[in-house]
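Protein chains in written order, with our numbering: chain A, 1 to 380; chain B, 1 to 551.
Here it is as C-alpha cells:
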C-alpha cells in the first residue's frame, strides 16, 4: 500500500517532515518513488507568489528546446531553483536537470483573467510535455509535472528517504505551508515518472493509495470531456485529481460534492439530505465517475483546502491529527505521530465511509462532512 | 402396368437425408401409441412390419427364429413431415423405447424448399461454433494489491439505467449556500433504474398465453418480493388489456413495431393506465432475421390474439420489414420518438431497437443528437425468432460483440457514453452462461442486455438448439406449449412453474454477476465499459474489441 503524507500548517515547514513521516510508515520494499507537491511556498519563493512555477526534469537537449519554446511564448525566467544533488552513485541515477523555475507571464497575459492565465499554463505544460517525448534515448527529454503559481512538484524513483537526501532536501530545505508527499510501495518495477503521485491540474492536487478498479470507464469519461488537460493517466489514480478539477472547475460544485461524485450514496441512504433531488441526479449523470476503491484520497482544492475521503467501503486506512495551526493527514496513524507528536490524540479523526474531512488553508480546525447525514462537524 | 420393384424413386427421400433419425426399440415398445399421437410433425406412424421373432419353448428349448407380421413404429420420409428431433416421443414413452438421433450427414437443406416456398421456421441461427461472448474471460482479479470484494458480505448494486441521461453540463442545478438544488422548472428526461438483464421482446401471440402469463408473474414477483427490478418487453402485438390497466404495467416495456399490432388497444387504454410502462421500444429490426418483419402465422392467430391485435382470426400477420411511413432515419427517429414520448407526456423513456449491422454507428450518431432517444438496443445475429425465413435466420445479421463495442467506443468519442445507454441482445446465454455473457457485454460497454431464448429454455424447457432441433415455433405446434395458441398444447405448460423458474433464473443471475464483479473490485456501479477486466485467447478478437489477449 502506498504511503500518503500531507501536512498543512499556518507556518512554513520543511519537506523532510513529510519524508520522515513516510519513513515511519514504511513497510517492506519501497523503491518505487517519491512525489512531492508544495504549495504556499516559503524560503526563496516566498516573494514570488504571483509567478507561475514550472516544475520538471529535462535533459541537456530538452533544456535547450524548453528554453527556446518558453522564450518564443514570451515567458521570462524570474527565478530558478535546482536541488543540490547529493552523490548517490549506485543508489540513485541522476536523470537530468531537475528544476523549479518561476516565470513572468508573457506581457499580453499579465493582466489577463485567471481563466485565460490558467488556460495558458495548462496549454504550455502540455505542449512542453509533447516536445519532450522521445527526443532522448531511454527517457523523455522534458518531463513537466506542473506549471502554476506558488506551487512546486518534485518526483523521482527510489526509496523516499533516499530521494529526499539525493535532492539535498535535508541540507537545503524546501519550505511551504502545504506539502503533499507520497511514497509508492510495492508497485511494478517499470516506473513511469508521470505515474508518481501526487497529481496536479490547474491548482488541484490529489494523491491516493490503493488501486482504482473503475479506472478505465473513468478515464474514458474524462478524456471525452473535451478538456485538453485530461490526458496522461499513466496511473489509475490520476483520475482522482481530474475528477476534482472537473466537478470544481467545470461543473462548479461545492467541494463537499466530491464525495457524492466518487462514492454516491445508495438511494435509500439519501433521505436525510436536504439536497436529495440534486444528488440523485448527480449520481445518474456522473455515474461513470463512481469509484469502488480500495482508496484513500487526500487532495487540495484550488483555494488551498486540504481534504481526505475514503472509498464507500472504507477499505483503506487514513488518519488526521494535529493542533490548531498544524495538521497531518496520513495513510497511517504513526505518520501523524511523527509530524505532530504533542497533540490531543482523542481529537484524532479517522474518516469513515461517509466522511470527508476538510482543513482550510489557515489550518485552524478539521471539518468533517458526513455525506449520509448531510451534516458538518468541527474538531479543533 | 408398373413393376412392383421399379427403382425410379425420384423425389423420395431415404432416412439418411433427414436431420433426425428415429431410433426405436421393438423389444421395449409396448405399442401404446403415445409417441405417434404426440409427434408434432407426424413424423412417426404406426406401421405393419415383418419382424423376426426368436422363441424357445418345450422341455429341451432351442431358440427358433420365425418371421411374423406385427405392429411397430415407422418414420416417414416425407420432407413435410420430417422428424425435427424435438424428442417429445421420448418424453411420453413409458419404456424408453424411442428417441431421435441427430444425423450429421443429413441433406435437409437441399430438400426443404418444396413447392417454391422458402423454408420458414422459428428458433435461432443454426451454428454450433463458440460465440465470441463465450470466449471472453474475466481476467482482472483483485487479490493482494487491493482487497477483493466479497460477494456474500459486501453490498452490491446490480442495477442499470434505462433512459436518457443529461449531459453533465446540462444538469439544472442551482448553487445556494454551498448546497446544490434542482431547478424544477427544467425538464429532466425519464430514467428507470432496472436490473441489467431484461426479458427481450416476445410477443403475446408468438408465445402462448401460459408462457406469457408465467413470464409476467415471474417478473412481478421479482420486482415486488425479491426486489430485483427485472423488466420485460412485450414484443409486437400489445398485451392483455387487463394488464395494461393494472399496476403491473410498470414492469413492462411496450414494443411498437412496423405492423403496429396491439397499439389500438394500448392507445385507448392510456387514459385508464394506473402506472406508466417501463419504456417504449420501437422495433426497427430483429437480430435473428434482419430484413424480415414480424410474422405471426395464421395457425397462431386465434381468438384472444385476434382480439388483442384487432385483426380477424386465422390470417397471417406479417409486419413489414421496415416502418412503411418513414422515409429517412432523421424523420423516422424524430417522428417516432417524439410522438411516442408525447403520447405518454414525456414520462416514459422511448428508444429504438435495431438489428446488429455495420450501419449501427450511423443510427447511433443520429440518436446521440436527438434528446428524446432514451437508449439503443442492438440485437445481434444470435437472437431468436418465432418465425422467419431460414435464410434470414442463418445467414443475415451481425454478431453482437463487435457491433456493441464499436458503438460504445463511438459514444466514448462523442463523450455521450453515459447519456445514451446501449442494450445488447442476441445470443446472451446462448450456451447457458447468462450472467457471464451479460457481464462481458456490460464490460464491453452495454448498459444492459436482453435475453429471450435463454428464458424459453431455462424457464419452460424449450427444446430448440443450434442444430435445428424442433424450431417449430412458427407452426403453432410447439410440443412444450411455449409458442402455441392451441389450448391442447399450451395446457402442457404450467404458468406457475414458468414463473418459479423465471424467479430462479434472475436470482441466480444476480448472484453470479456478483461473483464475477466482486473479484474485479466492482460493486456500487455496474462496470460499464470496464474493458480492462476482459481478455480473450484470440488475437483478432482482442484487437477488434480493444481488449487484452491472454492465453
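Every residue, glycine too, gets a C-beta built ideally from N, C-alpha and C.
Just so you know, these numbers come straight off a predicted model, no measurement behind them.
Give the straight-line distance between the Cα atoms of residue i and residue j, rounded to the nearest whole angstrom.
i	j	result
residue 14 of chain B	residue 196 of chain B	49 Å
residue 351 of chain B	residue 346 of chain A	57 Å
residue 481 of chain B	residue 325 of chain B	36 Å
residue 67 of chain B	residue 53 of chain B	6 Å
residue 457 of chain B	residue 131 of chain A	60 Å
residue 370 of chain B	residue 239 of chain A	30 Å
residue 530 of chain B	residue 223 of chain A	15 Å
residue 334 of chain A	residue 144 of chain B	23 Å
residue 137 of chain A	residue 16 of chain A	Any reading at residue 137 of chain A needs caution, since the residue's pLDDT is 45, under 50, leaving its predicted position unreliable; the model's value is listed next. Answer to the nearest angstrom: the Cα atoms are 33 Å apart.
residue 205 of chain A	residue 421 of chain B	32 Å
residue 352 of chain A	residue 217 of chain B	42 Å
residue 91 of chain B	residue 512 of chain B	31 Å
residue 257 of chain A	residue 329 of chain A	20 Å
residue 121 of chain A	residue 199 of chain A	16 Å
residue 107 of chain B	residue 245 of chain B	51 Å
residue 356 of chain A	residue 367 of chain A	8 Å
residue 174 of chain A	residue 542 of chain B	49 Å
CB residue i to CB residue j, shorter than 8 Å?
i	j	result
residue 267 of chain A	residue 292 of chain A	no
residue 222 of chain B	residue 423 of chain B	no
residue 349 of chain A	residue 8 of chain A	no
residue 381 of chain B	residue 415 of chain B	no
residue 98 of chain B	residue 74 of chain B	no
residue 170 of chain A	residue 41 of chain A	no
residue 310 of chain B	residue 264 of chain B	yes
residue 48 of chain B	residue 89 of chain B	no
residue 186 of chain B	residue 168 of chain B	no
residue 122 of chain B	residue 493 of chain B	no
residue 254 of chain A	residue 437 of chain B	no
residue 29 of chain B	residue 103 of chain B	no
residue 91 of chain A	residue 85 of chain A	no
residue 373 of chain A	residue 280 of chain A	no
residue 156 of chain A	residue 166 of chain A	yes
residue 217 of chain A	residue 528 of chain B	yes
residue 201 of chain B	residue 234 of chain B	yes
residue 441 of chain B	residue 409 of chain B	no
What are the residues that DSSP puts in a beta bridge with residue i?
i	result
residue 200 of chain A	A:205
residue 64 of chain B	B:55
residue 223 of chain A	BP columns for residue 223 of chain A are empty, so no partner.
residue 89 of chain A	Answer is none; residue 89 of chain A lacks a bridge partner.
Of the residues the options, which one's Cα is nearest the Cα of residue i?
i	options	result
residue 326 of chain A	A:236, A:342, A:174 and A:273	A:342
residue 40 of chain B	B:515, B:277, B:470 and B:133	B:470
residue 197 of chain A	A:142, A:154 and A:177	A:154
residue 236 of chain B	B:526, B:109, B:492 and B:323	B:323
residue 227 of chain B	B:516, B:536, B:503 and B:519	B:503
residue 17 of chain B	B:455, B:440, B:112 and B:335	B:112
residue 467 of chain B	B:26, B:71 and B:127	B:127
residue 349 of chain B	B:95, B:181, B:433 and B:164	B:164
residue 333 of chain B	B:347, B:312 and B:367	B:367
residue 203 of chain A	A:260, A:262, A:265 and A:117	A:117
residue 31 of chain A	A:261, A:105, A:180 and A:164	A:164
residue 145 of chain A	A:194, A:113 and A:109	A:194
residue 229 of chain A	A:158, A:69, A:294 and A:126	A:126
residue 556 of chain B	B:393, B:42, B:301 and B:427	In the structure as shown, chain B begins at 1 and stops at 551. Residue 556 of chain B is therefore absent and cannot be evaluated.
residue 2 of chain A	A:362, A:68, A:81 and A:235	A:235
residue 20 of chain A	A:247, A:159 and A:285	A:159
* Closer than 8 Å, Cβ to any Cβ of chain B: which residues of the segment 294 to 316 of chain A, in chain order? -> 294, 312, 313 and 315: these are the residues of the segment 294 to 316 of chain A whose beta carbon lies less than 8 Å from some beta carbon of chain B, given in chain order.
Between the segment 413 to 439 of chain B and chain A, which residues of the former have a C-beta closer than 9 Å to a C-beta of the latter? Hits within the stretch, in order: 413, 414, 415, 416, 417, 418 and 419.
Give, in chain order, every residue of the segment 90 to 121 of chain B whose Cβ lies closer than 8 Å to some Cβ of chain A. Look at the segment 90 to 121 of chain B: it has no residue with a C-beta under 8 Å from a C-beta of chain A.
_Along the segment 220 to 247 of chain B, where does the CB come closer than 7 Å to a CB of chain A? Name the residues._
Per Cβ criterion, the list is empty.
Proximal residues, the segment 224 to 240 of chain A versus chain B, C-beta separation under 7 Å
Of all residues in the segment 224 to 240 of chain A, 224, 225 and 226 have a Cβ within less than 7 Å of some Cβ in chain B.
Contact residues within the segment 518 to 537 of chain B, judged by C-beta distance below 9 Å to chain A: Residues 520, 521, 522, 523, 524, 525, 526, 527, 528, 529, 530, 531, 532 and 533.
Next on the checklist: Against chain B, which members of the segment 201 to 222 of chain A pass a CB distance test of less than 8 Å?
Outcome noted: Per Cβ criterion, the list reads 210, 211, 213, 214, 215, 216, 217, 220 and 221.
| request: Output, in sequence order along the chain, the residues in the segment 323 to 352 of chain B whose CB is closer than 8 Å to any CB in chain A. | output: From the segment 323 to 352 of chain B, no residue has a Cβ closer than 8 Å to chain A.
For this session: Give, in chain order, every residue of the segment 156 to 175 of chain B whose Cβ lies closer than 9 Å to some Cβ of chain A.
Result: Taken in chain order, the members of the segment 156 to 175 of chain B whose beta-carbon sits within less than 9 Å of a beta-carbon on chain A are 157, 161, 163, 165, 166, 167, 168, 169, 170, 171, 172, 173, 174 and 175.
Short-range partners of chain A found in the segment 186 to 206 of chain B, where Cβ spacing is below 9 Å: Cβ proximity to chain A below 9 Å picks out 188, 191 and 193 from the segment 186 to 206 of chain B.
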